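Student:
In my numbering, the protein residues as written are 1 to 228.
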């Protein structure tokens with residue numbers, strides 16, 4: 001559809017997300033090709049998605065094991081994203097930086113960027129991301145041997161996980177109620193359709209019988225007139 005419309009930005013956006021899908025599927029060469037292809041268009045159009053794509057490009061390099069290139073790419077992305085209000089991708093950038101530094105065994109740096117991501121998640125009041133950030137920070141404190149701090153963040157993560165589980169269950173129950181209500185409405189509509197069809201059929205038959213009766217009456221009267 002994007003090709004049919006000739007919308008370069010939309011074409012690049014689709015290609016970009018195809019690249020992300022390939023990355024998540026572990027097909028890193030394809031991911032690299034698609035993300036870079038999208039970036040070329042984003043760069044030409046001066047589209048803000050260029051900074052976002054740099055995050056995923058860096059993550060692809062990370063998964064390929066090229067940590068230095070991953071680090072440089074994500075740092076470039078952050079320089080671009082810090083000039084925008086794209087807080088979500090800035091958080092994702094901090095998380096990516098945190099992971100790369102952890103793999104480089106620079107745990108202090110990893111901890112710093114995990115905390116930076118948490119600051120934004122707390123401002124956005126995003127419980128799922130906060131939980132993940134808490135778990136990440138806990139793992140770094142544990143790696144540094146700071147067990148007390150690790151325990152604090154693990155407890156925070158667990159409390160959020162529990163509350164999210166309750167909310168998820170509520171959402172699931174609400175969704176199930178909606179589905180049941182919708183099925184009930186559909187069944188009711190189907191029954192009403194059947195009843196309407198039966199009524200129409202019955203009225204049609206009655207109307208047909210009335211018309212035939214009138215025709216018979218007219219023919220009978222005409223026949224009597226002819227006889228007389």
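Every residue gets a Cβ at the ideal spot worked out from N, C-alpha and C, and that includes glycine.
None of the values given here were measured: they were computed from a predicted structure.
1. Assuming residue 24 is part of the alpha helix (DSSP H), what are its boundary residues?
2. Taking only runs that begin and end inside the stretch 51-130, name each unbroken alpha helix (DSSP H) of 4 or more residues, in chain order.
3. Just to confirm the assignment, what range does the alpha helix (DSSP H) spanning residue 251 have?
4. Taking DSSP as the reference, what is the three-state secondary structure of residue 145?
5. By a C-beta neighbour count over all protein chains shown, 10 Å radius and 16 as the cutoff for buried, is residue 100 buried or exposed?
6. Starting from the C-beta of residue 157, find all residues in its chain whose C-beta is less than 6 Å away, skip the five residues before and the five after it, and write them out in chain order.
7. Does the CB of residue 203 have a neighbour CB from chain B at under 8 Å?
8. Is there contact between the stretch 31-44 and the stretch 66-74, where contact requires at least three CB pairs shorter than 8 Å?
9. Any idea if residue 47 is buried or exposed, counting beta-carbon neighbours within 10 angstroms, 16 or more meaning buried?
10. Applying the 10 Å Cβ sphere with the 16-neighbour rule, what's the burial state of residue 52?
11. Closer than 7 Å: is that where the CB of residue 207 sits relative to any heavy atom of the ligand MG?
12. Closer than 8 Å is the cut-off here; do at least three beta carbon pairs connect the stretch 103-116 with the stretch 81-88?
13. Which word fits residue 90, buried or exposed, when buried means at least 16 other C-beta atoms lie within 10 angstroms of its C-beta?
14. So, under 8 Å CB-CB, residue 55 and residue 77 are touching, yes? Tell me the CB distance rounded to an integer number of Å.
15. Do residue 2 and residue 11 have their C-beta atoms within less than 8 Å of each other?
16. If we ignore side chains and look at the alpha-carbon of each, how far apart do residue 73 and residue 58 end up?
17. Whole angstroms are fine: how far does the CA of residue 41 sit from the CA of residue 129?
18. Report all residues from its chain with a CB closer than 8 Å to the CB of residue 104; omit the five preceding and five following residues, and keep chain order.
Tutor: A quick look at the data gives this:
1. For the purposes of this step, residue 24 is identified with residue 24 of the chain shown, where counting begins at 1. From DSSP, the alpha helix (DSSP H) with residue 24 extends over 8-24.
2. 67-81, 87-103 and 107-124
3. The displayed coordinates of the chain run from 1 to 228. Any statement about residue 251 would go beyond what the structure contains.
4. As a position in the chain shown, residue 145 is number 145, starting the count at 1. Coil.
5. Residue numbering aside, residue 100 sits at position 100 when the chain shown is read from its first letter. Under this definition residue 100 is a buried residue.
6. Here residue 157 corresponds to residue number 157 of the chain shown, with the count starting at 1. Excluding sequence neighbours, residue 157 sits near 131, 134 and 135.
7. This model lacks chain B altogether; it includes just one protein chain.
8. no
9. Working through the chain shown from its first residue, we reach residue 47 at position 47. Buried, by the Cβ-count rule.
10. Along the chain shown, read from residue 1 onward, the residue named residue 52 stands at position 52. Buried, because 16 or more other Cβ atoms sit within 10 Å of the Cβ of residue 52.
11. Only the bare structure without any ligand can be found here, which leaves the ligand MG out of the picture.
12. no
13. Taking the first residue of the chain shown as position 1, residue 90 is located at position 90. Per the 10 Å Cβ criterion, buried.
14. As a working mapping, residue 55 is identified with position 55 in the chain shown. As a working mapping, residue 77 is identified with position 77 in the chain shown. Contact between residue 55 and residue 77 holds, since their C-beta atoms are separated by about 5 Å, short of 8 Å.
15. Residue numbering aside, residue 2 sits at position 2 when the chain shown is read from its first letter. Residue numbering aside, residue 11 sits at position 11 when the chain shown is read from its first letter. Against a cut-off of 8 Å, the Cβ pair of residue 11 and residue 2 comes out as a contact.
16. Walking along the chain shown from the start, residue 73 turns up at place 73. Walking along the chain shown from the start, residue 58 turns up at place 58. Straight-line Cα distance between these residues: approximately 5 Å.
17. Indexing the chain shown from 1 puts residue 129 at position 129. Indexing the chain shown from 1 puts residue 41 at position 41. Cα to Cα, the separation comes out at about 30 Å.
18. Along the chain shown, read from residue 1 onward, the residue named residue 104 stands at position 104. So the list reads 67 and 71, once near-sequence residues are dropped.
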